[in-house]
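Colleague: Start counting the sequence shown at 1206; every next residue gets the next number (the working numbering). Here it is: the structure, laid out below.
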Amino acid sequence: MINQMNQAERERLAKVGKVFNARTYIMNEIKAIRAQVGDKKVLLAMSGGVDSSVCAVLLHKAIGKQLTCVFVDHGCMRLDEAKEVKRVFKGQFGINLIQVDAEARFLSKAKGITDPELKRKCIGGEFISVFEEEAKKLGRIEFLGQGTIYPDIIESGVGGNKAVKAHHNVGGLPKNIGFEGLVEPVKYLYKDEVRKVGKLLGIPEPMVMRQPFPGPGLAVRCLGELTKEKLDILRQADFVFRSEMAKAKLDRKAQQFFAIMTNVKSVGVKNGARTFGYVIALRAIATSQFVKAGVVELPFKFVTAVAEKIATTVKGVNRVVWDITPKPPATIEWE
Ligand code: XMP
């Protein structure tokens, strides 16, 4: 039986055991991090998502000030995300955190790119460059921390599995990265296990239960070329959707819910005059492991009210559609 498992599954079993226990995992991982890192330094790529947040606190617990976190605002973050990350991780946990405003740099690099895989690779590559530059500024930093989780590995085609998408966390490191190695303390965990670890580490409940946010951020939800105009529209629409979900207490019904900038424009009417605005799509999914996902049924009255609010209050949008496709055949993100 065990011989039939691929290598990634064997490694997961060795790390996590047959029955997952968050306390044991944390204890073992702290020991493993200390053994790997010693008195050297770690630079962690923080994306603002659950995985890298848990990774940051786990590393901080293991090695304290030997950890430096770098949060890169690549211009594809949600509304006020950068401020929130600073408040919690720097303010509350006292983690050594550097924020880099790299919006202009990322947008100029991604200019003209419309292919989803090329966009992902461009952003992943730029991430690495920014971290390398930060590392250089900070002097010698031996390790690069990453919040890779198990589904990232499976879906990137590691361990004999077929590649679905090029997740930026996996396989994207150039040979000349300049770091001695990688520290990936949540690499063998599924999302629900990452949350259990985060909760036990004392990360506030809303943060631990926060919906996952992909490394490339809104880039995988903004179809076609990435522009500031489209991303700003998407940010506003996404904010309205998330706020309304929270107000209606529907946010715990879906593991992920977000807006997508479809890059399609359609004709509408406002104050009796013709408009030509963007179509925003909304998606709310239910899933346990993010490998398969179903569509969450939300009250129709709520759905139409949110659609109307977005189409009337977000400048540049005049139509909203709802994504009712499960995974598979669709993936959760649009790109
Ligand atoms: P998909 O779209 O592949 O998403 O069905 C599965 C889960 O993974 C998240 N996701 C990513 N997370 N880097 C990440 O850290 C990525 O490049 C990435 N792409 C997708 C997605 O939000 C969902 O939770």
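Beta carbons are placed, not taken as given, at the ideal position from N, Cα and C, and that holds for glycine.
#1: Please report the Cβ distance between PHE1348 and LEU1387, rounded to the nearest whole angstrom; I am assuming they are in contact, meaning their Cβ atoms lie under 8 Å.
#2: Suppose contacts are defined by Cβ-Cβ distances below 7 Å. Is LYS1404 in contact with VAL1391 by that definition?
#3: Put CYS1427 into one of helix, strand or coil per three-state DSSP.
#4: Using 8 Å for Cβ pairs, my map puts LEU1431 next to LEU1312. What's the rounded Cβ distance?
#5: Pick from VAL1508, GLY1499, ARG1292: whose alpha carbon is nearest that of ARG1447?
#6: Within a Cβ cutoff of 6 Å, which residues of the same chain sit near ILE1346, ignoring the five residues on either side of it in sequence?
#7: Taking buried to mean at least 16 other C-beta atoms within 10 Å of its own C-beta, is MET1232 buried or exposed?
#8: By the three-class DSSP mapping on this structure, what secondary structure does PHE1348 have?
#9: How many angstroms separate the CA atom of ASP1397 from the CA atom of GLU1338?
#10: Could you give the C-beta distance for GLU1540 and LEU1428, rounded to a whole number, given that I count them as a contact under 8 Å?
#11: Using a Cβ-Cβ cut-off of 8 Å (strictly less than) and excluding sequence neighbours within five positions of ILE1300, which residues of its own chain qualify?
#12: Look up THR1480 in the DSSP assignment and say whether it is helix, strand or coil.
#13: Which first and last residues belong to the beta strand (DSSP E) in which LYS1464 is found?
#14: Would you check whether the ligand XMP has a heavy atom nearer than 6 Å to the C-beta of GLY1420?
#15: Express the C-alpha separation of ARG1400 and VAL1259 in angstroms, rounding to a whole number.
#16: Under three-state DSSP, which class holds GLY1376?
#17: Cα separation between LYS1288 and GLN1212?
#18: Is PRO1417 near the ligand XMP, judged by its Cβ being under 6 Å from some heavy atom?
#19: Going by C-alpha distance, which of HIS1279, GLY1280, GLN1304 is nearest VAL1290?
#20: Quick one: what's got a C-beta closer than 7 Å to PHE1336's C-beta in the same chain, skipping five residues either side?
#21: If distances are taken between C-alpha atoms only, which option among VAL1445, PRO1321, GLN1416 comes closest to ALA1516?
#22: Skipping 5 residues on each side, what residues in its chain have a beta carbon closer than 7 Å to that of PHE1481?
#23: Taking only the alpha-carbon atoms, compute the straight-line gap between TYR1395 and GLY1254 and give it to the nearest angstrom.
#24: Starting from ASN1233, follow the alpha helix (DSSP H) in both directions and report where the run begins and ends.
#25: Can you determine whether any heavy atom of the ligand XMP sits closer than 6 Å to the C-beta of THR1536, and answer yes or no?
#26: Measure the C-alpha to C-alpha separation of PRO1321 and VAL1425 and round it to an integer number of angstroms.
#27: Secondary structure at GLN1304, three-state DSSP: helix, strand or coil?
#28: For the ligand XMP, I want to know if PHE1225 counts as a neighbour, meaning its beta carbon is within less than 6 Å of at least one of the ligand's heavy atoms.
#29: Can you tell me where the beta strand (DSSP E) holding GLY1222 begins and where it ends?
#30: Would LYS1314 pass as a contact of CYS1327 if the rule is Cβ separation under 7 Å?
#31: Using DSSP with H/G/I as helix, E/B as strand and the rest coil, what is THR1518?
#32: Can you tell me whether CYS1281 is helix, strand or coil according to DSSP?
Modeller: Based on what the coordinates show:
#1: 7 Å
#2: no
#3: strand
#4: 6 Å
#5: VAL1508
#6: LYS1246, LEU1248, ALA1340
#7: That one is exposed.
#8: Strand, per DSSP.
#9: Rounded to whole angstroms, ASP1397 to GLU1338 spans 33 Å at the Cα level.
#10: 7 Å
#11: ALA1261, VAL1262, HIS1265, LEU1272, CYS1274, PHE1294
#12: strand
#13: What sits at residue 1464 in the sequence shown is Ala, not Lys. Run containing ALA1464: 1461-1475, per the beta strand (DSSP E) assignment.
#14: yes
#15: 8 Å
#16: The predicted position of GLY1376 is uncertain, since its pLDDT is 45 and thus under 50; a value taken from the coordinates is nonetheless stated next. Note: GLY1376 maps to coil in three-state DSSP.
#17: 40 Å
#18: yes
#19: GLN1304
#20: LEU1248, ALA1250, VAL1275, LEU1349
#21: VAL1445
#22: LYS1470, VAL1472
#23: 14 Å
#24: Where ASN1233 is concerned, the enclosing alpha helix (DSSP H) starts and stops at 1227-1242.
#25: yes
#26: 7 Å
#27: strand
#28: no
#29: That residue, GLY1222, is in no beta strand (DSSP E); it is neither H nor E in DSSP.
#30: yes
#31: In this structure, THR1518 counts as helix in the three-state DSSP scheme.
#32: coil
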